[in-house]
Structure formats: structure tokens, C-alpha cells
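Student:
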Amino acid sequence: MGDVPHLSAYIDGMNPPTNRVRVVLLTQAIGPLDYRLPAGMEAGPGCVVMVPLGPRKLPGVIWDDDVFGDQAVDASKLRPVLELLDCPPLGHGLRRLVNWVADYYLTSHAAVLRMVLASSAAFTVSGTIIEYRRTGFEPARLTPQRAAALDALEGAQGLVRELAAEAGVSDAVIRGLIKAGAFEPVTISVDSPLPEPLADFGAPKLNDAQMVAADAMVTAVRSGGFDTFVLDGVTGSGKTETYFEAVAEAIRLGKQVLVLLPEIALTAPFLARFEARFGVEPAVWHSNLRSTQRRRVWRAVADGSAKVLVGARSALFLPFANLRLIIVDEAHESSFKQEDGVRYHARDVAVMRGRFEGFPVVLASATPALESRHMVTIGRYKGLEIPSRFGAAKMPEIKAIDLTLDAPERQHWIAPTLLKALEERVERGEQSLLFLNRRGFAPLTLCRTCGHRFQCPNCTSWMVEHRLVRRLACHHCGHVMPPPEECPECGESDTLVACGPGVERICDEVNRLLPDARTIVATSDTLWSPEKAAEFVSRVENKAVDIIIGTQLVTKGYHFPELTLVGVIDADLGLEGGDLRAAERTFQQIAQAAGRAGRGEKPGEVFIQTRNPNHPVIAALVAGDRDAFYDAETEQRKSAGAPPFGRFAAIIISSEDEREAIEAARAVGGAAPQVDGMYVYGPAPAPLAMLRGRYRQRLLVHAQRSVEVQTIIREWLGSVHFPRSVRVGVDVDPYSFL
Numbered sequence: 001m002g003d004v005p006h007l008s009a010y011i012d013g014m015n016p017p018t019n020r021v022r023v024v025l026l027t028q029a030i031g032p033l034d035y036r037l038p039a040g041m042e043a044g045p046g047c048v049v050m051v052p053l054g055p056r057k058l059p060g061v062i063w064d065d066d067v068f069g070d071q072a073v074d075a076s077k078l079r080p081v082l083e084l085l086d087c088p089p090l091g092h093g094l095r096r097l098v099n100w101v102a103d104y105y106l107t108s109h110a111a112v113l114r115m116v117l118a119s120s121a122a123f124t125v126s127g128t129i130i131e132y133r134r135t136g137f138e139p140a141r142l143t144p145q146r147a148a149a150l151d152a153l154e155g156a157q158g159l160v161r162e163l164a165a166e167a168g169v170s171d172a173v174i175r176g177l178i179k180a181g182a183f184e185p186v187t188i189s190v191d192s193p194l195p196e197p198l199a200d201f202g203a204p205k206l207n208d209a210q211m212v213a214a215d216a217m218v219t220a221v222r223s224g225g226f227d228t229f230v231l232d233g234v235t236g237s238g239k240t241e242t243y244f245e246a247v248a249e250a251i252r253l254g255k256q257v258l259v260l261l262p263e264i265a266l267t268a269p270f271l272a273r274f275e276a277r278f279g280v281e282p283a284v285w286h287s288n289l290r291s292t293q294r295r296r297v298w299r300a301v302a303d304g305s306a307k308v309l310v311g312a313r314s315a316l317f318l319p320f321a322n323l324r325l326i327i328v329d330e331a332h333e334s335s336f337k338q339e340d341g342v343r344y345h346a347r348d349v350a351v352m353r354g355r356f357e358g359f360p361v362v363l364a365s366a367t368p369a370l371e372s373r374h375m376v377t378i379g380r381y382k383g384l385e386i387p388s389r390f391g392a393a394k395m396p397e398i399k400a401i402d403l404t405l406d407a408p409e410r411q412h413w414i415a416p417t418l419l420k421a422l423e424e425r426v427e428r429g430e431q432s433l434l435f436l437n438r439r440g441f442a443p444l445t446l447c448r449t450c451g452h453r454f455q456c457p458n459c460t461s462w463m464v465e466h467r468l469v470r471r472l473a474c475h476h477c478g479h480v481m482p483p484p485e486e487c488p489e490c491g492e493s494d495t496l497v498a499c500g501p502g503v504e505r506i507c508d509e510v511n512r513l514l515p516d517a518r519t520i521v522a523t524s525d526t527l528w529s530p531e532k533a534a535e536f537v538s539r540v541e542n543k544a545v546d547i548i549i550g551t552q553l554v555t556k557g558y559h560f561p562e563l564t565l566v567g568v569i570d571a572d573l574g575l576e577g578g579d580l581r582a583a584e585r586t587f588q589q590i591a592q593a594a595g596r597a598g599r600g601e602k603p604g605e606v607f608i609q610t611r612n613p614n615h616p617v618i619a620a621l622v623a624g625d626r627d628a629f630y631d632a633e634t635e636q637r638k639s640a641g642a643p644p645f646g647r648f649a650a651i652i653i654s655s656e657d658e659r660e661a662i663e664a665a666r667a668v669g670g671a672a673p674q675v676d677g678m679y680v681y682g683p684a685p686a687p688l689a690m691l692r693g694r695y696r697q698r699l700l701v702h703a704q705r706s707v708e709v710q711t712i713i714r715e716w717l718g719s720v721h722f723p724r725s726v727r728v729g730v731d732v733d734p735y736s737f738l
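Using full-length UniProt numbering, you'd call the opening residue of the sequence shown number 1 and step up by one each time.
(1) If we ignore side chains and look at the alpha-carbon of each, how far apart do GLY158 and GLU409 end up?
(2) Is DSSP giving ARG705 helix, strand or coil here?
(3) Can you name the residues that DSSP bridges to HIS345?
(4) Can you give me the start and stop residues for the alpha helix (DSSP H) that ILE251 sits inside?
(5) State yes or no: is the C-beta of ILE548 within less than 9 Å of the C-beta of LEU433?
(6) Which of the three DSSP states is assigned to residue 741 in this structure?
(7) With a threshold of 16 other CB atoms inside 10 Å of the CB of PHE137, please say whether the residue is buried or exposed.
(8) Going by alpha carbons, who is nearest to LEU403 out of LEU231, CYS456, THR610?
(9) Just verifying my parser: in three-state terms, what is the DSSP assignment at CYS507?
(10) Give the straight-line distance between the Cα atoms of ASP494 and PRO488, rounded to the nearest whole angstrom.
(11) Could you give the first and the last residue of the continuous alpha helix (DSSP H) run that contains ASP103?
(12) How is ILE618 classed by DSSP in three states: helix, strand or coil?
(13) So PRO89 and GLY46 are in contact, right, with Cβ under 8 Å, and what is the actual spacing, rounded?
(14) When the Cα atoms are used, what is the spatial distance from LEU700 to PRO368?
(15) Sort ARG96, ASP570, VAL51 by Cα distance to ASP66 and report the nearest one.
(16) Using DSSP with H/G/I as helix, E/B as strand and the rest coil, what is TYR630?
(17) So who's on the other strand from LYS382, going by DSSP bridges?
(18) Where does the unbroken alpha helix (DSSP H) through LYS420 begin, and where does it stop?
(19) Round the Cβ separation of GLY598 and PRO396 to the nearest angstrom and send it over; I've been treating them as touching at under 8 Å.
(20) With three or more beta-carbon pairs closer than 8 Å as the criterion, would you say the segment 357-373 touches the segment 322-332?
(21) Please confirm if the segment 343-352 is in contact with the segment 277-296, defined as three or more CB-CB distances below 8 Å between the two stretches.
(22) Whose CA, out of HIS286, GLY254, ALA684, lies closest to the CA of GLU531?
(23) Kindly provide the ranges of any alpha helix (DSSP H) runs that are 4 or more residues long and lie completely inside the segment 282-321, ordered along the chain.
(24) Give the range of the beta strand (DSSP E) segment to which GLU131 is assigned.
(25) Enumerate in chain order the residues of its own chain whose CB-to-CB distance from ARG727 is below 6 Å, with the five nearest sequence positions on each side excluded.
(26) Is it buried or exposed, ASP525, if we count other Cβ atoms within 10 angstroms and call 16 or more buried?
(27) Please check if any C-beta of chain B sits within less than 9 Å of the C-beta of VAL675.
(28) For GLN674, report the span of its beta strand (DSSP E) as first-last.
(29) Buried or exposed for ILE174, please, with buried defined as at least 16 other CB atoms from any protein chain shown within 10 angstroms of its CB.
(30) Would you kindly report the start and end of the unbroken beta strand (DSSP E) that includes PHE183?
(31) Taking GLU184 as the reference, give the member of GLN338, TYR132, GLY225 with the closest Cα.
(32) Contact check, LEU177 vs PRO139 under 8 Å by CB: the rounded distance?
(33) Between ASP731 and ALA650, what straight-line distance do the alpha-carbon atoms span, to the nearest angstrom?
(34) Taking a contact to mean a Cβ-Cβ separation below 9 Å, would you say HIS721 touches ALA667 in this structure?
(35) Using DSSP with H/G/I as helix, E/B as strand and the rest coil, what is VAL554?
(36) Going by the beta-carbon positions, is the gap between VAL51 and TYR35 smaller than 9 Å?
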């Protein structure tokens with residue numbers, strides 16, 4: 001988008017004699033509509049405008065005439081565009097990306113555009129805004145809601161609605177506290193400039209392998225043009241420092257860079273590394289930003305003053321003025337796949353944005369996705385390898401603990417061998433990580449008297465006990481409830497029992513067995529913001545923690561030199577079920593967890609607890625033979641026609657009425673086209689048969705790569721009539737089969 005001129009000079013082609021323009025509104029309820037440019041208004045594709053729709057005024061974007069094939073409305077019936085907004089127009093490359101995402105993922109242009117224009121900054125002029133913060137004064141009249149708000153908002157600042165949402169109270173409670181003097185106004189400049197990173201501030205000394213990879217990426221940035229690199233380096237090899245050289249080159253050229261991270265909790269350590277290299281922190285984009293912060297960053301990205309942006313997957317759709325490089329860090333991560341709304345995969349969309357706008361894309365990972373490795377094999381992507389750790393650090397030794405031979409005590413989950421290794425690390429003043437990819441205390445709570453199991457009222461999933469906050473929670477819809485004093489089915493009290501371990505239960509076990517060890521639980525429940533993640537990093541780096549008990553959230557991106565032991569509590573957990581990517585995902589998670597050990601001068605050791613040490617995943621990890629595992633997994637995918645050698649698409653039909661969902665699914669199944677190389681399975685209840693109060697049916701489409709799946713599904717679903725209460729969603733290239 002570097003060739004986008006100033007708004008006042010922007011006319012993308014001559015308007016037709018009628019000044020007819022096609023506008024995509026930011027509402028999915030209606031498709032693109034034709035309008036008329038009034039006399040004196042000059043605007044072309046990409047311009048953001050305000051238009052009438054009935055009695056309302058809605059924002060929209062003027063789109064290219066050749067995208068939609070609808071028949072034009074008679075010129076005499078066209079209503080005029082009301083206003084050309086003071087917003088940089090969306091460039092041709094970004095518009096092509098919106099077209100591609102809408103077409104490939106079978107969604108609407110409006111749904112994609114809502115991610116592009118994801119801030120009120122797109123529709124408002126520059127200026128100031130009023131936020132509020134605590135004064136320290138406590139009013140005499142203190143209701144329970146006011147008291148709760150004051151406790152929750154210590155140190156917080158934001159708009160009234162943001163403070164109310166954070167405290168879990170109404171806007172009126174916050175306004176009452178403002179009137180009482182408990183909060184004071186703060187004037188914020190919404191367009192104050194962001195600090196510029198310095199390309200040569202803290203340039204590191206790279207080793208030979210890093211230099212080869214860095215030179216390839218720097219050359220690509222300097223010369224421009226599209227290319228995709230898979231930066232494949234073992235954990236601790238310095239991939240970040242290596243791709244920072246490409247970032248530095250883009251900064252020297254005055255261009256912009258986007259770095260995508262899979263988890264918000266990874267932001268804090270990344271920002272520290274970035275500041276050490278470039279002298280300032282980069283701009284940041286994620287869901288926890290206040291409205292004023294989002295507005296400032298959005299404007300800076302759109303006008304080109306934000307040189308480097310670090311963000312979650314949604315940052316991929318921001319309207320960069322001069323983007324020259326995208327880096328997808330931990331590119332193998334499944335969290336880059338959006339599972340609701342527009343079901344896109346950020347890794348693949350990043351590659352397409354680079355292709356449409358003509359710049360390189362880097363996919364960095366110690367365990368690249370099988371699809372990415374395949375693209376390197378066939379020559380579509382370029383592979384860059386860093387085969388060893390940086391400096392004196394060595395890869396850890398990995399051992400399997402056979403739980404059938406070395407079993408923990410009853411109602412315990414840490415094998416004696418692993419427990420002994422933990423004791424030794426505590427005595428030596430070294431740190432350990434216990435990995436279990438299961439949040440909470442226990443995945444299931446039941447009554448020992450009648451066998452009643454606690455299930456979410458909105459979903460077909462068990463309620464997970466979270467003992468730290470004394471609640472039962474559904475991890476699918478967010479429903480929470482306090483643990484009852486008695487069984488709701490038989491009425492008996494003190495009969496509820498937790499079944500199976502979560503990280504909180506493992507932490508309890510460590511505290512009982514090693515009472516002198518200082519522990520911390522690290523999950524999305526405890527590291528829910530960059531501030532919480534920064535606090536966690538500080539405690540570990542200052543050696544205030546002996547043992548970390550965490551989920552996959554802490555298996556990547558963290559560098560703790562004193563962490564020398566990793567224990568995988570249940571390596572078999574991820575291998576259960578029929579998920580297409582179960583073996584690959586388990587291998588990646590355990591390899592990433594193992595990679596936290598021995599990253600400094602002290603050697604690392606990894607113990608993998610399993611009941612099946614001969615499983616190909618476990619055997620490959622112990623042998624350190626990654627290539628053998630990937631080769632075998634590739635052959636299995638190829639023989640099954642699974643991605644990347646074939647294609648899947650899921651069609652999900654849902655309704656609040658179970659019978660209606662079943663009938664609609666049967667109608668879809670009955671209308672399935674007969675196409676060579678394409679097979680349709682179902683309909684059948686989805687594995688998660690009810691979600692958020694809606695019954696769900698699913699069909700699975702399996703096709704050869706040569707089949708135009710999107711065109712077929714679009715025409716197929718377009719031929720079926722659905723009641724208004726039925727929702728139909730399509731997940732192209734699904735990662736979750738729930």
C-alpha cells in the first residue's frame with residue numbers, strides 16, 4: 001500500500017458519467033449497494049464514506065466495480081453519498097485481500113471489512129478524549145456495587161463503558177462514582193505520535209547460521225517483491241534476533257513491519273526483546289487495548305507513522321500505509337485459526353497479503369506446520385534453517401517415563417522419577433516447568449453417591465472445576481457457577497468429587513510433596529493480560545519461582561536461563577480422539593515445552609510421562625528425530641488425501657430448536673451435489689452437539705485439491721431455503737472438529 005496518495009488527490013480511475021459508486025456497508029445484513037456521488041465530491045474505490053440506508057446513516061467503503069456481478073440499479077433511483085470521511089482510503093492490495101478472504105472462507109465482504117475498520121478512528125477526526133482514573137477518595141455512600149468497582153479498578157484508566165465492563169457493573173455506577181469524586185477526568189490526545197524504532201540501536205552479533213538466514217530475509221526486504229520464508233530453527237536458536245535484522249532493514253527504508261504473535265501473554269517478553277534491540281517498544285494491537293489506544297494505533301498504522309506493529313491475528317487486516325514485511329512468529333500455532341465469525345487462518349492470510357501487496361512474509365517456528373514444510377518441499381516457500389542453539393546452550397536430553405512401570409501413588413500424577421528430579425532442582429536453586437494442557441483443578445466433577453456429572457446448561461461439555469476462584473466453568477461458552485454445597489440430583493451434601501487433574505491440582509500436589517518449593521500456575525486464566533504476563537516473567541527472572549505449572553501458553557516464546565527441567569505430566573492427553581492433527585499438535589506442544597529447558601549455560605533435562613512410550617510421537621521426541629516423525633505423518637496424510645494433499649470443509653447448522661437443526665441439516669445433506677473427487681459425510685450431531693444454547697449438526701466435505709470447493713458449496717447452500725432461526729456456517733480448512 002506504499003503507493004496510496006494523499007486523500008485529497010485520490011481518484012482511483014474516472015467515475016462513470018452517472019457518478020455511480022458501489023458501496024460495501026459495514027453490516028452483514030445487506031450486500032453491496034449502489035449510490036451516487038454528489039457534485040463536487042471526488043472519490044474512488046477504497047474511500048470510506050457515510051451513506052443513507054432508510055432513515056439511518058451507515059459507514060461503508062466504495063468498492064471496485066468488477067467484483068460483484070449484480071445488475072446495476074437505475075441511475076434515477078440512486079441516493080447520494082452523504083460524506084467522504086477523513087480516513088486514508090484502503091489500497092488496491094488490501095481490497096484484493098478482502099475479496100480473497102470473503103471468497104475463500106465463504107463469508108461476506110462486510111464481515112471482513114469490520115476487521116479492517118476495527119476502530120472508531122476510521123470515522124472520527126483527530127482530537128482529544130476524556131478517560132477516568134481513581135482519585136483515592138472513597139465516597140461516604142458506598143453500595144456493594146460501588147465498593148466492588150473501586151476494588152476492581154485500582155490503577156485502571158479508561159472510558160466509562162470500559163471501566164464498567166472491567167468492574168462488572170453498570171455505566172450508572174461508574175458515573176455515580178465520578179460525580180462523587182472517586183474518579184477524575186484525564187484528557188488524552190488520541191493522535192500523539194508513537195516513538196520511532198532505531199534500526200541500529202542494539203544490533204547483535206549473529207553466528208554463521210543466523211547470518212545466512214538473516215541475509216536472505218534482509219535481501220528480500222531490500223529488493224521488494226513477494227516471497228515466503230519458513231524460518232525453521234530449534235528452540236533457543238535465536239530466530240527472533242535473526243528476523244529482527246529484516247525488521248531493521250525495513251525501518252531503514254522507512255517502511256512498515258507487522259509481527260503476529262499467537263498469544264497475548266507472549267507480548268510482554270517480546271516487547272522487552274524488541275526494546276533492547278530497537279531502543280523503543282513497538283506499537284501493539286490486541287483485544288485488551290482501551291478504545292483510545294486502539295484509535296491511536298489504528299491512525300498511526302494508517303498514516304504510516306507506526307513503523308513496527310506487534311499484534312494478534314486481527315492486526316493482519318489493519319490498513320497499513322506502507323507495509324513491507326510480515327513475520328508470523330510461532331507460525332505452527334493453531335490459535336492463528338479464528339474459530340468463529342470469519343473463520344480464517346492468519347498464517348495463510350498473511351501469505352496472501354504479501355502476495356497481493358508485493359512484499360516478503362516470514363513464518364518462524366521451531367516446529368513448522370506440516371503444510372508449511374510441504375510448501376518448502378515443492379518449492380513454493382523458501383526454507384531457512386538454524387539447526388543449533390545460540391552460544392553455549394545445548395538441546396536438552398529427553399527421556400520417557402513409562403507410567404505402567406513407574407506409577408505415581410494413588411490420586412497422584414507425578415511419577416517418582418520426575419518428583420526426584422524436581423527435588424534436585426529445588427535443592428540446587430534451579431527452576432522447573434510442569435506441563436499439562438488442561439486448565440483448572442479437574443476436568444470433571446461428579447457425585448460419589450448418585451454419579452451425577454456437572455454439565456454446562458448451554459453446551460454438551462463438562463463443567464471444569466477452578467478451585468483457585470471457587471467456581472465451575474464451561475471452557476466453551478464461559479458459563480460459570482459456584483460449586484454447590486449438595487448434589488442437585490440426590491440432595492446429598494459433601495459427596496462431590498473432582499476427577500482427573502488440571503494444572504491447579506498438579507500445583508496442589510507439588511505444594512504437598514515439596515512444601516518449600518515456590519510455585520506459580522501459568523494459564524490463560526492467570527496470564528490474561530500483557531500486564532499479568534509481564535508480572536509472571538519478572539517473578540521467574542528474579543528467581544522468586546521454583547516450579548512453574550502451566551498449559552501450552554508457557555511452552556513458547558519464554559526464555560528462562562535458570563529453567564533446567566521440564567516434566568510433561570500426561571503426554572497421551574493430546575493423542576486421544578480422532579482429530580486429524582492430533583499427532584502433529586502433540587509433537588509440537590511437547591517439543592515446544594521441552595525447548596524451555598537448558599536455554600542458558602546449565603544443561604536441560606526433559607521427562608515425558610506416558611503409558612505408551614512406543615507411540616511414534618513419543619519415540620520421535622525421545623530420539624530427537626523430528627524429520628522421521630514428519631516424514632511418517634506426511635505419508636499418512638498423503639495416503640488419506642488429507643491436507644496438504646486434499647481439502648476439508650465443515651458445514652455447521654445450528655438452531656435453538658433441536659428438531660429444526662436436524663431437519664435443516666437433512667435438507668442440506670439431501671441437496672449435496674455429486675462431484676467427482678468430492679465426498680460429503682453426514683449430517684450428524686457435531687461432537688459438541690450443543691454450544692451456547694444452540695443445537696449443532698455438521699457435514700464434512702472431503703475433496704481433492706483440484707476440486708473448486710468454495711464454488712460448489714456456495715451454489716449448494718444457495719439452493720437450500722433455511723428458516724430465519726437457523727444459522728449455517730462454513731469452516732474451510734478446519735482446525736477444530738468439535
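For every residue, glycine included, the Cβ atom is placed at its ideal position computed from N, Cα and C.
From a predicted model like this one, the values you see are computed outputs, not experimental measurements.
Tutor: Put simply:
(1) One-based indexing of the sequence shown puts residue 158 at position 158. One-based indexing of the sequence shown puts residue 409 at position 409. GLY158 and GLU409: Cα-Cα distance of roughly 50 Å.
(2) Position 705 of the sequence shown, counted from the start, is the residue given in the question as residue 705. It is coil, neither helix nor strand.
(3) Position 345 of the sequence shown holds residue 345. DSSP, once it has assigned bridges, lists LYS337 as partnering HIS345.
(4) For this step, residue 251 is matched to residue 251 along the sequence shown. Segment 239-252, the alpha helix (DSSP H) holding ILE251.
(5) Here residue 548 corresponds to residue number 548 of the sequence shown, with the count starting at 1. Here residue 433 corresponds to residue number 433 of the sequence shown, with the count starting at 1. It is a contact, given that the beta carbons lie within the stated cut-off.
(6) The structure shown does not extend to residue 741, since the chain is modelled only from 1 through 738, so no value can be given for it.
(7) Taking the sequence shown and counting its residues from 1, one reaches residue 137 at position 137. PHE137 counts as exposed, since fewer than 16 other C-beta atoms from the protein chains shown sit within 10 angstroms of its C-beta.
(8) One-based indexing of the sequence shown puts residue 403 at position 403. The residue with the shortest Cα to Cα distance from LEU403 is THR610.
(9) Stepping through the sequence shown from its first residue, residue 507 is reached at position 507. In the three-state reduction of the DSSP assignment, CYS507 falls in the helix class.
(10) Along the sequence shown, one-based indexing puts residue 494 at 494. Along the sequence shown, one-based indexing puts residue 488 at 488. Their Cα atoms are separated by approximately 12 Å.
(11) The residue you call residue 103 lines up with position 103 of the sequence shown. Element bounds for ASP103: 92-104.
(12) What you label residue 618 is simply residue 618 of the sequence shown in a count that begins at 1. DSSP places ILE618 within a helical segment (H, G or I) once states are collapsed to three.
(13) In the sequence shown, the residue the question calls residue 89 occupies position 89. In the sequence shown, the residue the question calls residue 46 occupies position 46. Their Cβ separation, rounded to whole angstroms, is 4 Å, which keeps PRO89 and GLY46 in contact under 8 Å.
(14) Along the sequence shown, one-based indexing puts residue 700 at 700. Along the sequence shown, one-based indexing puts residue 368 at 368. Across the structure, LEU700 and PRO368 are spaced so that their CA atoms are roughly 26 Å apart.
(15) As a first step, residue 66 must be located in the sequence shown, where it is residue number 66. The alpha carbon of ASP66 has as its nearest neighbour, out of ARG96, ASP570, VAL51, the alpha carbon of ARG96.
(16) Along the sequence shown, one-based indexing puts residue 630 at 630. Of the three classes helix, strand and coil, the one that applies to TYR630 here is helix, per DSSP.
(17) Locating residue 382 in the sequence shown gives position 382, counting from the first residue. The partner list for LYS382 (beta bridge, DSSP) reads PHE229.
(18) Within the sequence shown, the letter at position 420 stands for residue 420. First-last of the alpha helix (DSSP H) with LYS420: 416-428.
(19) Taking the sequence shown and counting its residues from 1, one reaches residue 598 at position 598. Taking the sequence shown and counting its residues from 1, one reaches residue 396 at position 396. At roughly 4 Å, the Cβ-Cβ gap stays under 8 Å, so GLY598 and PRO396 are in contact.
(20) Cβ pair count under 8 Å is three or more, so yes.
(21) Short answer: they don't touch.
(22) Working through the sequence shown from its first residue, we reach residue 531 at position 531. For GLU531, the nearest C-alpha among the options comes from HIS286.
(23) The segment 282-321 is shown to contain whole alpha helix (DSSP H) runs of 4 or more residues at 291-303, in chain order.
(24) Translated into the one-based positions of the sequence shown, residue 131 becomes position 131. Following the DSSP letters along the chain, one finds GLU131 inside the beta strand (DSSP E) bounded by residues 128-134.
(25) Start at 1 with the first residue of the sequence shown, and residue 727 comes out as number 727. The answer, listed in chain order, is SER654.
(26) The sequence position of residue 525 within the sequence shown is 525, counting from 1. Classification of ASP525: buried, given that the 10 Å Cβ count is 16 or more.
(27) Considering every chain present, this structure includes no chain B. It has just one protein chain.
(28) Along the sequence shown, one-based indexing puts residue 674 at 674. Per DSSP, GLN674 belongs to no beta strand (DSSP E) and is neither H nor E.
(29) In the sequence shown, residue 174 corresponds to position 174, counting from 1. Burial of ILE174 is indicated by the presence of at least 16 other C-beta atoms within 10 angstroms of its C-beta.
(30) If you number the sequence shown from 1, residue 183 lands on position 183. Here the beta strand (DSSP E) through PHE183 covers 183-189.
(31) Mapped onto the sequence shown, residue 184 falls at position 184. When only C-alpha atoms are compared, the closest one is TYR132.
(32) Here residue 177 corresponds to residue number 177 of the sequence shown, with the count starting at 1. Here residue 139 corresponds to residue number 139 of the sequence shown, with the count starting at 1. Contact between LEU177 and PRO139 holds, since their C-beta atoms are separated by about 7 Å, short of 8 Å.
(33) Within the sequence shown, residue 731 is the residue found at index 731, counting from 1. Within the sequence shown, residue 650 is the residue found at index 650, counting from 1. Cα to Cα, the separation comes out at about 5 Å.
(34) Translated into positions along the sequence shown, residue 721 becomes position 721. Translated into positions along the sequence shown, residue 667 becomes position 667. Cβ atoms of HIS721 and ALA667: closer than 9 Å.
(35) One-based indexing of the sequence shown puts residue 554 at position 554. Look at VAL554 here: in three-state DSSP terms it is helix.
(36) Locating residue 51 in the sequence shown gives position 51, where the first residue counts as 1. Locating residue 35 in the sequence shown gives position 35, where the first residue counts as 1. Closer than 9 Å, so yes.
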